[in-house]
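Notes follow the structure.
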Amino acid sequence: MRIALISDIHGNLPALHAVLNDIQKQGVDQIICLGDLANGGPFPAECIATVKSLGIPTLQGNHELYILNQVPDVDANDPSWGTVHWTRTQLDGELTAFIDALPLTYEMPEQEAVCYHASPLNQFRGFMPAHTDDEIATRMTDQDNITLFVGHTHCPLYRRWSNSWIINCGSVGMPLDGSPHAKYAIATYHEQRWQAEFRAVAYDIDSVMRAYDQSGLQRHGGIFAALFRYQVLTGNNLLTAYLSGLRQYAALQQIDTITAIDRYPAPAAIQQWLNHH
47 MRIALISDIH GNLPALHAVL NDIQKQGVDQ IICLGDLANG GPFPAECIAT VKSLGIPTLQ
107 GNHELYILNQ VPDVDANDPS WGTVHWTRTQ LDGELTAFID ALPLTYEMPE QEAVCYHASP
167 LNQFRGFMPA HTDDEIATRM TDQDNITLFV GHTHCPLYRR WSNSWIINCG SVGMPLDGSP
227 HAKYAIATYH EQRWQAEFRA VAYDIDSVMR AYDQSGLQRH GGIFAALFRY QVLTGNNLLT
287 AYLSGLRQYA ALQQIDTITA IDRYPAPAAI QQWLNHH
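Each residue of the sequence shown is one higher than the one before, counting from 47 in the working numbering.
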């Protein structure tokens, strides 16, 4: 049995098309999508509609929750969530209902595999290559002797933990492993065990860069659209460090983060996209 695992598309349609074209040549029995179909990229409706049309098992990720405004303690109506607001305006009722109804898990009991967006714990705490066994343990539930198929962290991973295996397929639309190619994984069940093959697919990134401007996403999403755009272009993460610095700055200045966004300097690498809007 061969399964293509795709995750974290984030509204990047050219990357999704490139991956689906590559999958067609791989002789897989099934495709499974592990969530985060939209938010951050300029083609949210098209990506959700494409996955919906495939009729494949699809999970709900944390970004679906942001779009649906279903995250406790996060006010996704706050202006710093400009990419989320813009994404909502692009989705009709049918697509919104589709992401609202998505399950959190997909199980393959005969092959002792379970799919999650991030981890058995929740949709937000995922598995990173640098994690220790103890850090992995905090994200696990009681189960063992199982293979987990996950996404969320945008970093491919094939790792043993206790008597289990963790396969993170990386990100189709916004990889964070230092290369901008679209990433996915093929898991093959052979002799009672899952093997993983990681795929990296080149695609037309320039078309996505143009779409940030043409779609209105850059204008509406501001600095956060530019931070996502940098991920698409480079495969590197500026967002986490920016958010950390922003929060520290806000605390020192005794202001809220919304006020701080206008005062705290944006990273030099994304200034080119902010000056035009």
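Ideal Cβ placement from N, Cα and C applies to all residues, glycine included.
- The straight-line gap separating the alpha-carbon atoms of Asp-68 and Ala-228 is approximately 10 Å.
- Taking the C-beta atoms as reference points, His-63 is found no nearer than 7 Å to Asp-82.
- The residues Gly-281, in chain order, have a CB closer than 6 Å to that of Ser-225 in the same chain once the five nearest residues on each side in sequence are set aside.
- The C-beta separation of Ala-306 from Tyr-288 comes to about 11 Å, leaving the pair out of contact by the 8 Å criterion.
- It is roughly 7 Å from the alpha-carbon of Met-174 to the alpha-carbon of Leu-203.
- For Asn-214, DSSP records a beta bridge to Val-196, Leu-203.
- Boundaries for Leu-148: no alpha helix (DSSP H) harbours it, and the DSSP string shows neither H nor E there.
- For Ile-49, the beta-bridge partners assigned by DSSP are Gln-76, Ala-233.
- When Cβ pairs closer than 8 Å are counted between the two stretches, the segment 99-107 is seen not to touch the segment 267-285, the count staying below three.
- A check of alpha carbon separations from Phe-270 across Leu-285, Arg-256, Gly-262 identifies Leu-285 as the nearest.
- Residues Ile-113 of the same chain have their beta carbon placed closer than 7 Å to that of Arg-134, with the five preceding and five following residues left out of the count.
- Sequence-distant Cβ neighbours of Asn-191 in its own chain, meaning closer than 8 Å and more than five residues away, are Glu-158, Asn-209, Ser-210.
- Rounded to whole angstroms, Pro-155 and Ile-301 show a C-alpha spacing of 51 Å.
- A direct Cα-to-Cα measurement between Asp-75 and Glu-237 gives close to 17 Å.
- Contact check for Ser-126 against Ile-304 passes: the beta carbons are separated by less than 7 Å.
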